Amino acid sequence: MANDDTPRVSFTRMKDGTREDYQLLGRLEEAYVEGLPERILAALRGLEHTLSGYRVSRLEHVLQSASRAEDDGEEEEMIVAALIHDLGDDLAPHNHSQYAASIIRPYVSARVAWVIEHHGLFQNYYYIHHFGGDPLERDRYRDHPWYQDCVDFCERWDQASFDPDYPTRPLEHFAPMVRRIFSRPPFDPGIIGEAPTSTPDRPKGG
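According to the UniProt record's numbering, the sequence shown holds residues 1 to 206 in order.
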């Protein structure tokens with residue numbers, strides 16, 4: 001048990017917790033959540049030392065993706081989405097898209113979250129045939145209203161952002177955007193909006 005002065009609950013099983021216990025936890029969680037933007041930035045810095053073999057680091061890749069999105073005049077939430085789209089590479093290598101979408105979903109439109117959730121499958125278009133896969137598997141979503149948004153995300157920013165000579169902006173440039181997006185009220189209906197009422201089954205990969 002930690003030897004600090006943090007107040008602690010009285011229970012060892014959640015079903016035994018009192019109102020005072022849960023009010024305490026609520027206050028502590030609220031304070032902890034306020035630090036989310038800085039934890040996101042720290043996780044992004046960690047991408048400097050992850051998957052190798054490309055001509056740029058994973059951090060440079062996401063910074064370049066965000067830089068390209070900004071250069072194309074995209075709104076701030078899509079720029080931040082481009083910045084965090086590969087945060088799952090370390091802990092969720094087989095479903096990194098869903099991992100990143102889960103992180104950003106409470107703070108952005110349903111459209112942006114959908115694009116991030118599916119970008120891995122759509123990105124397969126460029127290389128999966130070299131492993132015997134189907135590059136057109138993304139076409140299961142061809143009738144989805146955000147299909148083209150995800151195609152564009154991959155074509156314009158994701159697959160193109162491995163260029164060591166591109167004028168990529170540093171993380172410090174995007175830090176204020178990260179702080180603004182991840183300080184929004186979570187699951188605000190005015191931000192999230194509504195997802196389409198019917199969509200195809202979610203792909204297993206990505």
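Glycine included, C-beta positions come from ideal geometry on N, C-alpha and C. Predicted model only: the values in this text are computed from it and were never measured.
Among Ser52, His130, Ala175, Ile192, which one has its Cα closest to the Cα of Arg42?
The sequence shown places Ala at residue 42, rather than the Arg named in the question. The shortest Cα separation from Ala42 among Ser52, His130, Ala175, Ile192 belongs to Ala175.
Could you give the first and the last residue of the continuous alpha helix (DSSP H) run that contains His130?
For His130, no alpha helix (DSSP H) encloses it, and the DSSP letter there is neither H nor E.
Would you check if the segment 60-71 and the segment 102-112 touch, i.e. whether three or more CB-CB distances between them fall below 8 Å?
Segments in contact, no.
Look at the alpha carbon of Gly193 and the alpha carbon of Cys150, and state the distance between them as a whole number of angstroms.
Approximately 18 Å, taken between the alpha carbons.
Indicate whether at least one CB of chain C lies closer than 7 Å to the CB of Ala175.
The question asks about chain C, but that chain is absent: this structure has only one protein chain.
From this set, His96, Pro164, Glu38, Arg105, which residue's C-alpha is nearest Pro189's C-alpha?
With distances taken between Cα atoms, Pro189 lies closest to Arg105.
Between the C-alpha atoms of Arg142 and Asp89, what's the straight-line distance to the nearest angstrom?
Cα to Cα, Arg142 sits roughly 26 Å from Asp89.
Does DSSP put Trp146 in a helix, a strand or coil?
Coil, per DSSP.
Starting from Phe122, trace the alpha helix (DSSP H) both ways and give me its first and last residue.
Looking at the DSSP string, the run of the alpha helix (DSSP H) that includes Phe122 is 110-123.
Supposed contact pair Trp146 and Val178 - C-beta distance, whole angstroms, cut 8 Å
Val178 to Trp146, Cβ: 23 Å. No contact.
Give the list of continuous beta strand (DSSP E) stretches no shorter than 3 residues that lie fully inside the segment 37-68.
Within the segment 37-68, complete beta strand (DSSP E) segments of at least 3 residues are not found at all.
Roughly how many angstroms lie between the CA atoms of Glu117 and Cys154, to the nearest whole one?
Here the alpha carbon of Glu117 sits roughly 12 Å from the alpha carbon of Cys154.
Counting C-beta neighbours from all protein chains within 10 Å, is the total for Tyr22 16 or more, i.e. buried, or is it exposed?
Counting Cβ neighbours within 10 Å, Tyr22 comes out exposed, since fewer than 16 surround it.
Hey, how far is the Cα of Thr168 from the Cα of Gly133?
Computed Cα separation, rounded: 32 Å.
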